[in-house]
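Quick mapping for you: the protein sequence lines, in order, are chains V and Y.
With my numbering applied, the first sequence closes on residue 484, and no number is skipped along the way.
With my numbering applied, the second sequence closes on residue 1484, and no number is skipped along the way.
There are 2 protein chains.
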Amino acid sequence: MDSLKQSGINVRKDASFSDWYIQVVLKTELADYAPVKGLIVLRPYGYSIWETIRSILDKRFKETDHQNGFMPVLIPESLLSREEEHFEGFTPEVFWVTKTGNNELSEKLALRPTSETLAYPIFSRWISSYRDLPMKINFWNSALRAEIKSTKPFVRTSEFLWQEGHTVHATEKEAEQEVMLILEIYRELIEDHLSIPLLRGFKSDKEKFVGAKYTMTLEGLMADGKALQMGTSHHLGQNFSKPFEIRYLGRDNQQHFAWQTSWGVSWRLIGALIMVHGDDKGLVLPPRIAPIQVVVVPIFRDKDAKWIISKANEIAYDLKKSDIRVYVDHREEYTAGWKFNEWETKGIPLRINVGMRDIENDQAELVRRDTSEKSFVKRAILTESAISILEQIQNNLFLRAKRQLEDNISEASNYDTLKSILDKKGGFVSAGWCGDQRCEGIIKQETGADIRLIPFEGQDASASKVCIYCSKPSKKTAIFARAY
Amino acid sequence: MDSLKQSGINVRKDASFSDWYIQVVLKTELADYAPVKGLIVLRPYGYSIWETIRSILDKRFKETDHQNGFMPVLIPESLLSREEEHFEGFTPEVFWVTKTGNNELSEKLALRPTSETLAYPIFSRWISSYRDLPMKINFWNSALRAEIKSTKPFVRTSEFLWQEGHTVHATEKEAEQEVMLILEIYRELIEDHLSIPLLRGFKSDKEKFVGAKYTMTLEGLMADGKALQMGTSHHLGQNFSKPFEIRYLGRDNQQHFAWQTSWGVSWRLIGALIMVHGDDKGLVLPPRIAPIQVVVVPIFRDKDAKWIISKANEIAYDLKKSDIRVYVDHREEYTAGWKFNEWETKGIPLRINVGMRDIENDQAELVRRDTSEKSFVKRAILTESAISILEQIQNNLFLRAKRQLEDNISEASNYDTLKSILDKKGGFVSAGWCGDQRCEGIIKQETGADIRLIPFEGQDASASKVCIYCSKPSKKTAIFARAY
């Protein structure tokens, strides 16, 4: 038995957020450190959460006519450098393969930081006519970006699991619709399944994907008041189709450059789950994303073990019939109390305890992870009660996080207020912005906060504001925050 | 529209097997070449076959208490070299990362050729007591081995998709059972789903996995008479648990080194599907592995298009209710003849044509891909007929391949016969072997054939034989073949 497992989380979330975070990651057996600095391994419990995220997204991608494919991890330097801005953005953090066996390579190979530059020359071979469009391909893989700054499991690691979608369209309008469709699919996943409320908007030109025409983003708020970018969807315009020569013959019998998008979410979402919902006892998982939604713990002594375990199995069987992911913990080498602790630490939404007295009373005890609330429920209505409580947990987690988000969106009308809010309270701060990258840069340098997004909503009001830094007329309402 | 798509396969399978193979790979849009030599990309059609293989295996792994995890692709040289034999086996083909950005790394990092040396020091941290065992973890990832010899899509590429399972057990017996269980799961997948008959046995010490105690293998026969290793399952003994210090506290309160296994299959299985079942028209997919099992082609002119397409949709709807994977090809920009060709090339097991005359006669036309047989079937019994024909196709492909395999297993009682069979006919040749690696090595050097396996069956008879090379008493019956 892992020695870490023997002790629960022993740092309070509000006492030392980052120590608490690391303890949750390690002690709930989500992940562990790999031997190379900045890299982590995903343990089965962590991977099963990723599998759930993956299956939700994969289904939606397929329903909206996307297909999966595979591209190798190695990209020749000459391709990576073909789109200049893109190359400059990524090269500082590229892992370079320079040898195979004992042989020096004539051209060094990058480990994929993202696949645009590898995929697009290949797409250009596959596309020749309007009949081949739209082409919508997704890759479930990992990306590699050497992190020199501080690393953090799930949030900032030198290799991370993600999906990257790449689409090619005949018209700009279709590409714009695609970017929006994907943003909505991500929002559904994050708000409706992960119970994490979001702000939606555009990235500023400074913060957008290098090489994109524009980037749309979903931003979440972590419990320590820092923002986390949860998913991005990029309209690439023709910025890549031109250097990579993705052209098609139109119905008009003319050659046209195609319009493109790319988009991705990563296992960073698991980090967000921890930071948003976790508490002093450990992880708290929203039911829709939990690999195990209900754990049934039979409470027995040696002589009645068989009987009580069989009752627990019956309860589990009924729940399974209603498509609930359930696990019966009938291990004999651990005490019931030890099991309660373990499942609480791991964030299982609902626990059902079944002891001899419960069986005699034709009931079971239900314990909610989110509120610690306990209730005794009659066996006859156990399944429907469990279903209803799981829904309540799902909603409660979302509403709790939404209150937290709303309480932490402030408005600032002058630079001093902005700085003071960031220092005292953190969270998101909405303010007017002239649109100049110089102001944006100075604010970031002086306060550590950057423009997280230019929100879709509320831009009408920005005309009446002034830039928070230079006081010139405001062009946009921007939302600033310190971020991971 | 891809120019390759416009023309069908134009090389006969028996005329130039390897040109035919490449044409099938490219023209059916399974895969394409990546810019780095030896690497391929998987197009959506190829990836969907891999997804089907993956989902079959993943279900079986989970049913047998395996869990998935993730390990990074980068392995420090010092770890890779900790098991000496293993290291020597893999280093010639390792891709080495020596830089990130512009910085030289102090220790070079290998791209995973396989994950034993990365995973096992981590497993050693996770395991401390018998309660933590067995630990059975699988990784769905890719492995990288620089191929300097000739490469071939799916069969020999420098990066390949695969799964690698790694298990740790308290006793040698459990490890032996695990190796056998996995071999059986692989056999089920390959024989029952891919319709490819197999030989089962042990690898010789020369050919086993470097570092393993022994390797069990499944070997298939390709249509050109060459063998292909389809899946391997390794009993690692304590060869890795000792250098990597995987120890557990037993019920006896003593420390013990654990027993381990590792095992894998790769996308090579897609190569085998092509080589075993394909024909002059292209791919032929067994129904259980086909991403699309039935394609419904409505045959229409402009004026009746709507009506006929709606009838085709109804047929598809009924098939879907019976869990058949079906696709209605109602594209208007292609002729029916063009569609027939495309789906035949892609190997869809069953095609259903629906034209106006068929609707008038309350029937549809069914066309089998494996035999080209056509039949008209009444609408009322269409679904059950389709199900029954799909089963027939599945069986027919297996039986056809099994005859092919059986016709190409020969016996040789002396070295000249062995050489002559290998030159004239190819296939598998069974012969006595003294067990000496010297004989094995000379045979390989002189004939190009190695010991593919020491079959489970028929070893009783080997005592009465002599070694095919040195004529000393035979210790084993070995099966030789030239192989991919």
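Backbone N, C-alpha and C define an ideal beta-carbon position, used for all residues, glycine too.
Element boundaries [alpha helix (DSSP H), containing residue 1187 of chain Y]: 1172 to 1187
Determine, for residue 1300 of chain Y, whether the minimum Cβ-Cβ distance to residues of chain V falls below 8 Å. no
Using a Cβ-Cβ distance under 8 Å, would residue 341 of chain V count as near chain A? The chain labelled as chain A is not found among the protein chains of the depicted structure, namely V and Y.
Candidates Y:1135, Y:1128, Y:1161, Y:1313, of which the one nearest residue 1143 of chain Y by Cα: For residue 1143 of chain Y, the nearest C-alpha among the options comes from Y:1161.
Closest to residue 221 of chain V by C-alpha separation, out of V:169, V:466, V:196, V:352, would be which residue? Minimum Cα distance to residue 221 of chain V is reached at V:196.
Chain-ordered neighbours of residue 1179 of chain Y on chain V, where CB pairs are closer than 8 Å: Those within 8 Å of residue 1179 of chain Y in chain V number zero; the least Cβ separation is about 21 Å.
Reference residue 172 of chain V, options V:62, V:259, V:61, closest by Cα: V:259
Show which residues of chain Y have a CB atom less than 7 Å away from the CB atom of residue 47 of chain V. Listed along the chain, the chain Y residues whose CB falls inside 7 Å of the CB of residue 47 of chain V are 1068, 1069, 1070.
Contact belief for residue 1450 of chain Y with residue 1480 of chain Y at Cβ below 8 Å, rounded distance in angstroms: Contact flag correct, Cβ pair sits at about 7 Å.
Would you say residue 243 of chain V lies against chain Y (beta-carbon separation less than 8 Å)? no
Straight-line Cα distance separating residue 1098 of chain Y from residue 1229 of chain Y: 33 Å
Quick one: complete beta strand (DSSP E) runs, 3+ long, within the region 241 to 314 of chain V? 247 to 249, 255 to 257, 259 to 266, 294 to 298
Start-to-end residues for the alpha helix (DSSP H) that takes in residue 1360 of chain Y: 1356 to 1360
Quick one: give me the first and last residue of the alpha helix (DSSP H) that residue 394 of chain V is part of. 382 to 406
In whole angstroms, what is the alpha-carbon distance linking residue 1318 of chain Y and residue 1383 of chain Y? 7 Å
Taking just the CA atoms, how far does residue 68 of chain V sit from residue 80 of chain V? When rounded, the distance between both Cα atoms is 22 Å.
Can a CB atom of chain Y be found closer than 8 Å to the CB of residue 37 of chain V? For residue 37 of chain V, the answer is no, since every Cβ of chain Y falls outside 8 Å of its Cβ.
Taking a cut of 9 Å between CB atoms, which residues from the region 87 to 103 of chain V lie near chain Y? 91, 92, 93, 94, 95, 96, 97, 98, 99, 100, 101, 102, 103
Measure the alpha-carbon distance for residue 1347 of chain Y versus residue 241 of chain V and round it to whole angstroms. 33 Å
Taking three-plus beta-carbon pairs below 8 Å as touching, is the region 1009 to 1024 of chain Y in contact with the region 46 to 60 of chain V? No: fewer than three Cβ pairs fall under 8 Å.
Look up residue 47 of chain V in the DSSP assignment and say whether it is helix, strand or coil. helix
Are the region 230 to 249 of chain V and the region 436 to 443 of chain V touching, with three or more C-beta to C-beta distances below 8 Å? no
Please confirm whether residue 493 of chain V has its beta-carbon closer than 8 Å to some beta-carbon of chain Y. Outside the shown range of chain V (1 to 484) lies residue 493 of chain V, about which nothing can therefore be said.
Mind reading off the beta-carbon distance from residue 1093 of chain Y to residue 100 of chain V? Whole number of angstroms is fine, and I expect it under 8 Å. 7 Å
I need the straight-line Cα distance from residue 179 of chain V to residue 124 of chain V, nearest angstrom please. 21 Å
What is the DSSP secondary structure of residue 1098 of chain Y, counted as helix, strand or coil? strand
Going by alpha carbons, who is nearest to residue 1385 of chain Y out of Y:1368, Y:1401, Y:1398? Y:1368
Report the start-end ranges of each alpha helix (DSSP H) in the region 1064 to 1138 of chain Y that is 4 residues or longer and not cut off at the edges. 1077 to 1080, 1084 to 1090, 1116 to 1126
Counting only the same chain and skipping the five closest in sequence on each side, list residues whose C-beta sits under 7 Å from that of residue 1320 of chain Y. 1326
What span of residues does the beta strand (DSSP E) with residue 363 of chain V cover, start to end? From DSSP, the beta strand (DSSP E) with residue 363 of chain V extends over 363 to 368.
Close-in-space but distant-in-sequence residues of the same chain around residue 158 of chain V (CB under 6 Å, 5 per side omitted): 38, 39, 146, 147
Coarse secondary structure for residue 23 of chain V, derived from DSSP in three states: Correct three-state label for residue 23 of chain V: helix.
In terms of alpha-carbon separation, which member of V:89, V:64, V:309 lies closest to residue 134 of chain V? Residue V:64 is the option with its Cα nearest to residue 134 of chain V.
Exposed or buried, which one is residue 1395 of chain Y when buried takes at least 16 other CB atoms within 10 Å? exposed
For residue 193 of chain V: DSSP bridge partner residues: Partner(s): none; residue 193 of chain V has no beta bridge.
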